[in-house]
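Residue 593 is where the sequence shown starts when you use the numbering used here, and the numbers rise one by one after that. The beta carbon of each residue, even a glycine, is placed where N, CA and C say it ideally should be. Predicted model only: the values in this text are computed from it and were never measured. As structure tokens, the structure follows; a few thoughts come after it.
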Amino acid sequence: MTSSAERQCGDCTLCCKVMAIEALAKPANVWCPRCSPGRGCAIYAARPDECASFNCLWRVNDLLDDRWKPSRSKLVLTTSDDGIEIRCDPGFPNAWRKEPYASEIRAWAAEGGTNDMTVVVIVGQRMILVTPEREFDLGIVGPDERIVRELEGTKVVRATVTKASEM
Ligand code: SF4
Ligand code: SF4
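Given below as structure tokens:
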């Protein structure tokens, strides 16, 4: 989507599929009509600001090697207020269970357990909270909803979804 980060998108256009683009009323998980998959954006110079300012984590984080390039991994990583979000290409819903991704995601969950960072995998409309001990399938989580974790010490024992306005 952008041109300013350290790495270049090259043949990757996956965020133009998995991310929702509010300015275009484009829902998540469908190709943007302006995108030529694998080639780029037909309105690059005039693309919405939310596209121009977007960088997935692979572009900006050297710790993610080329196996994590989204066009290869089928995973688009971003940060959230609480931690990391991992969006699967809906055409490859099990991509996150393959290696080296699955082990790395579990390792992040283990780190997150000690510094209160959440690791969430998003497959289509489903959200899965990954903790060091287990996975919590949260089902469909709306944009106005938030994950609420119940902790015993640093261990997540329950995860539910609630309206942001009720928190
Ligand atoms: S997912 Fe990342 S690497 Fe791929 S096009 Fe978007 S910003 Fe570029
Ligand atoms: S407008 Fe361009 S950069 Fe934005 S989602 Fe569509 S194809 Fe991608």
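Own chain residues within Cβ distance below 6 angstroms of residue i, not counting five before or after
| i | result |
| --- | --- |
| R626 | C633, A634 and I635 |
| V748 | T723 and R741 |
| C608 | C624 and C627 |
Contact under 8 angstroms by Cβ, residue i with residue j
| i | j | result |
| --- | --- | --- |
| L649 | T671 | yes |
| F684 | K666 | yes |
| A620 | V610 | yes |
| R599 | R631 | no |
| V713 | W688 | yes |
| W700 | I676 | yes |
Option in the options with minimal Cα separation from residue i
| i | options | result |
| --- | --- | --- |
| T746 | E725, T752, D657 and E737 | E725 |
| A612 | A638, S628, E703 and E642 | E642 |
| D657 | E696, L730 and E742 | E696 |
| C680 | D673, F646 and S663 | S663 |
| K757 | G734, T710 and V748 | Sequence check: residue 757 is Ser here, not Lys. Nearest option by C-alpha distance: G734. |
| P561 | S628, N647, E614 and L730 | Not covered by the structure: residue 561. The range shown for the chain is 593 to 759. |
| R718 | E744, D729 and D708 | D729 |
| T706 | C601, N647, F646 and E744 | E744 |
| N647 | C601, A702, G704 and M709 | C601 |
| M709 | D673, P629 and D603 | D673 |
Exposed unless 16 or more other CB atoms sit within 10 angstroms - verdict on residue i
| i | result |
| --- | --- |
| L669 | buried |
| I732 | exposed |
| V622 | exposed |
| R659 | exposed |
| G716 | exposed |
| L606 | buried |
| A751 | buried |
Within-8 angstroms CB hit, residue i to chain B
| i | result |
| --- | --- |
| C680 | The structure shown has no chain B; it contains just one protein chain. |
Which of helix, strand or coil DSSP assigns to residue i
| i | result |
| --- | --- |
| V610 | helix |
| T706 | helix |
| L649 | helix |
| E737 | strand |
| T594 | At T594, the pLDDT of 48 sits below 50, so the modelled position is not reliable; the number obtained from the coordinates is stated separately. Correct three-state label for T594: coil. |
Cut-off 8 angstroms between Cβ atoms - residues of its own chain near residue i, not counting five sequence neighbours on either side
| i | result |
| --- | --- |
| T754 | E737, R738 and V740 |
| K690 | none |
Cβ-heavy atom distance, residue i to ligand 3, below 7 angstroms
| i | result |
| --- | --- |
| L616 | Absence of ligand 3 is noted for the structure shown, with ligand 1 and ligand 2 being the only ligands found. |
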